[in-house]
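Here the structure comes first, spelled out in structure tokens, and everything after it is commentary.
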Amino acid sequence: KQEVTQIPAALSVPEGENLVLNCSFTDSAIYNLQWFRQDPGKGLTSLLLIQSSQREQTSGRLNASLDKSSGRSTLYIAASQPGDSATYLCAVRGTYNFNKFYFGSGTKLNVKP
Amino acid sequence: GAVVSQHPSRVICKSGTSVKIECRSLDFQATTMFWYRQFPKQSLMLMATSNEGSKATYEQGVEKDKFLINHASLTLSTLTVTSAHPEDSSFYICSARVKIGERTGEEKLFFGSGTQLSVL
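Line order of the protein sequences matches chains A and B. For what it's worth, this note's numbering labels the leading residue of the first sequence as 119, then goes sequentially. For what it's worth, this note's numbering labels the leading residue of the second sequence as 12, then goes sequentially.
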């Protein structure tokens with residue numbers, strides 16, 4: 119069974135700092151990996167989607183990388199802002215069961231002004 | 012991006028009552044929707060996969076008679092928590108899988124805003 123782990127569980131940084139969030143998964147047979155943002159008491163907003171054949175995806179200040187062989191993905195946030203404060207979740211979609219998305223427990227980010 | 016609308020956003024009810032949560036796809040047709048449950052400071056747990064026009068597929072350990080799912084149209088799936096009890100209090104989120112690349116077949120998950128259920 120696929121297991122997704124996110125480290126650290128919580129992170130607090132001063133505004134303007136660049137930071138990296140980590141996501142690891144145990145089964146490298148993935149179809150894609152998606153990064154989400156969740157604000158307190160809210161649903162999830164999709165940030166970036168990386169297909170298994172891709173190495174990275176970029177959107178604005180966000181860059182997500184994928185190393186399938188080592189079972190890792192990182193989300194890089196450049197020049198962090200207080201508005202980036204949220205919980206960030208990664209989700210892995212398996213190759214063999216298209217309806218299964220395995221979620222990590224998230225990294226709660228606090229960007230201090 | 013695709014919009015998934017979920018209502019209500021918050022429900023407080025007495026133990027023993029039933030609660031219905033709606034999930035609508037506003038600008039696309041969703042043949043498949045997913046229902047998740049999230050406990051505080053934990054990740055999402057898939058409860059069931061809702062398929063338009065057929066029975067939902069439930070994950071192991073999820074009671075079918077407790078969590079009734081109906082997906083009667085291509086834009087609406089509902090989750091009914093029957094005879095709710097305090098242990099059912101949780102954050103429930105629906106999502107839909109949307110094809111974003113016709114040529115590549117890429118699909119993304121889009122989520123509703125969630126429903127916080129509190130059973131007294």
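We treat Cβ as the ideally placed atom computed from N, Cα and C, and that holds for glycine. For clarity, every value in this text was computed on a predicted model and none was experimentally measured.
Asked, Found
"Contacting positions in the segment 151 to 164 of chain A - beta carbon closer than 7 Å to chain B", "Gln-152, Gly-159, Lys-160, Gly-161, Leu-162, Ser-164"
"Endpoints, beta strand (DSSP E) assigned at A/Pro-132", "128 to 132"
"A/Lys-160 to B/Ser-124 span [Cα, whole Å]", "5 Å"
"Cross-strand partners of A/Gly-212 (DSSP beta bridge)", "A/Ile-148"
"Burial state of B/Gln-53, where buried means 16 or more other Cβ atoms lie within 10 Å", "exposed"
"Min CB distance A/Ala-209 to chain B below 8 Å", "yes"
"A/Leu-151 vs A/Thr-225 beta-carbon contact at 8 Å", "no"
"Contact set for A/Gln-199: own chain, Cβ-Cβ below 7 Å, skip 5 residues either direction", "Glu-133, Val-229"
"Buried or exposed (CB count within 10 angstroms, at least 16 for buried), A/Ala-235", "Residue 235 of chain A lies beyond the stretch modelled for chain A, which goes from 119 to 231, so this question has no answer here."
"Proximity test, Cβ basis, 8 Å: B/Leu-87 and chain A", "no"
"Classification of A/Ile-195 by the beta-carbon crowding that lies within 10 angstroms, buried from 16 upward", "buried"
"Sequence-distant residues of the same chain with beta carbon closer than 6 Å to B/Ser-88, five excluded per side", "Cys-34, Met-44, Ser-61, His-82"
"Member of A/Pro-158, A/Asp-157, A/Asn-181, A/Gln-156 whose CA lies at the smallest distance from the CA of A/Ala-166", "Inspection of the sequence shows that residue 166 of chain A is occupied by Leu rather than by Ala. The residue with the shortest Cα to Cα distance from A/Leu-166 is A/Asn-181."
"Expected contact under 8 Å - CB spacing of B/Leu-55 and A/Ser-164 to nearest Å", "Not really, about 13 Å apart at Cβ, beyond 8 Å."
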